[in-house]
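Novice:
Numbering (the UniProt record's numbering), first residue to last: 1 to 315.
1) Please state the DSSP three-state secondary structure of residue 185.
2) Taking all protein chains shown into account, do 16 or more other C-beta atoms lie within 10 angstroms of the C-beta of residue 212, making it buried, or fewer, making it exposed?
3) Tell me which residue opens and which closes the alpha helix (DSSP H) that residue 107 is part of.
4) Flag this pair as yes or no: are the beta carbons of residue 119 and residue 200 separated by less than 9 angstroms?
5) Apart from the five residues just before and just after residue 82, which ones in its own chain have a Cβ nearer than 7 angstroms to its Cβ?
6) Apart from the five residues just before and just after residue 155, which ones in its own chain have a Cβ nearer than 8 angstroms to its Cβ?
7) Within a Cβ cutoff of 8 angstroms, which residues of the same chain sit near residue 122, ignoring the five residues on either side of it in sequence?
8) Which one or two residues does DSSP pair with residue 81 in a beta bridge?
9) Roughly how many angstroms separate the alpha carbons of residue 142 and residue 169, rounded to a whole number?
10) Spell out a yes or no on whether the stretch 158-174 and the stretch 67-76 are touching, meaning 3 or more CB-CB pairs, one atom from each, closer than 8 angstroms.
11) Using alpha carbons as the reference points, say which of 220, 95 and 145 lies closest to residue 107.
12) I believe residue 207 touches residue 10 by the beta-carbon criterion, under 8 angstroms. Please report the beta-carbon distance rounded to the nearest angstrom.
13) Where residue 238 and residue 115 are concerned, what is the direct C-alpha to C-alpha distance, given to the nearest angstrom?
14) Could you tell me whether the stretch 97-104 touches the stretch 265-275, using the rule of 3 or more Cβ pairs below 8 angstroms?
15) In angstroms with no decimal places, state the Cα-to-Cα distance between residue 289 and residue 80.
16) Could you name each continuous alpha helix (DSSP H) segment of 4 residues or more that falls completely within the stretch 185-240, going from the start of the chain to the end?
17) Looking at C-alpha atoms only, which residue of 65, 186 and 7 is the closest neighbour of residue 27?
18) For the alpha helix (DSSP H) containing residue 161, list its first residue and its last residue.
19) Could you tell me the boundaries of the alpha helix (DSSP H) in which residue 276 lies?
20) Between which two residues does the alpha helix (DSSP H) harbouring residue 69 extend?
21) Run through DSSP, which three-state label would residue 264 get?
22) Do you know offhand how far residue 62's Cα is from residue 56's?
23) For residue 245, does the three-state DSSP call read helix, strand or coil?
Structure, rendered in structure tokens:
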């Protein structure tokens with residue numbers, strides 16, 4: 001019941017965030033230069049044709065009225081239709097969501113496993129591995145994901161021809177090609193995340209290893225392996241989980257550029273295209289989906305905290 005109350009409380013507290021993000025997005029999109037009605041009718045259309053299209057799209061109404069109409073439709077489960085293709089926004093987003101989720105989940109899993117393993121190894125061995133982790137952390141923070149993606153394409157796809165240059169193959173069509181199409185995008189997203197998680201893991205393990213209860217266990221003859229895996233890692237996991245949640249959210253934003261570089265039909269590339277076209281319903285729907293994903297990530301982090309630390313569950 002405690003976990004159920006936590007989930008309900010977090011979801012209710014996130015509701016104002018959804019309203020704020022959607023309203024702010026609506027305002028910011030309206031400030032971007034461009035007119036979807038003019039794009040649809042073309043530059044040679046008459047003024048009457050132009051005004052007719054604006055009226056059909058609802059763009060001639062005041063901005064607060066447009067937002068209110070969109071909000072009412074959302075409460076009825078309708079995100080509207082694309083201004084250009086006429087397709088329902090929900091259908092378009094649902095078709096694109098598996099691509100982005102495949103990329104983000106794979107990037108998170110790879111970053112978490114490699115980052116924790118490298119951080120744990122450097123904490124136990126020390127020496128040169130510590131310098132490697134610190135160097136990777138600096139590189140990971142300094143190198144943009146889209147630049148790394150271009151380098152990987154030039155070397156591993158164009159020169160060596162190990163992986164496809166661009167595109168995405170659905171898992172249902174060919175699992176092997178699906179995995180190959182994700183290798184370079186996941187590498188582009190994961191390099192910086194692996195370094196950050198590795199550094200946090202190493203620092204947390206070293207800090208936990210110097211605490212009094214660990215020294216007492218060592219003095220009482222507990223095996224080093226048991227102390228490390230049953231006590232040190234459990235207590236060191238809390239800050240690592242926090243960093244992993246931050247990394248997952250950062251992957252959502254980085255995926256916009258990576259999907260564009262690799263021509264992957266995901267939410268990121270869709271959002272960029274909709275912004276260029278000034279397709280307001282599509283932009284609003286994509287931002288709403290991404291915001292919900294961020295809320296779910298924060299909820300998972302809270303649940304992981306409660307699982308790892310009994311004091312959080314008690315609170």
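Glycine is no exception: its CB is placed at the ideal position from the N, C-alpha and C atoms. Please read all numbers here as calculations on a predicted model, not as lab measurements.
Specialist: So, from the data block:
1) helix
2) exposed
3) 89-125
4) yes
5) 89, 92, 279, 281 and 282
6) none
7) 129, 130, 132, 133, 198 and 202
8) 88
9) 31 angstroms
10) no
11) 145
12) About 28 angstroms separates the two Cβ atoms, so there is no contact after all.
13) 15 angstroms
14) yes
15) 14 angstroms
16) 212-219 and 224-227
17) 65
18) Per DSSP, residue 161 belongs to no alpha helix (DSSP H) and is neither H nor E.
19) 267-277
20) 63-75
21) coil
22) 14 angstroms
23) helix
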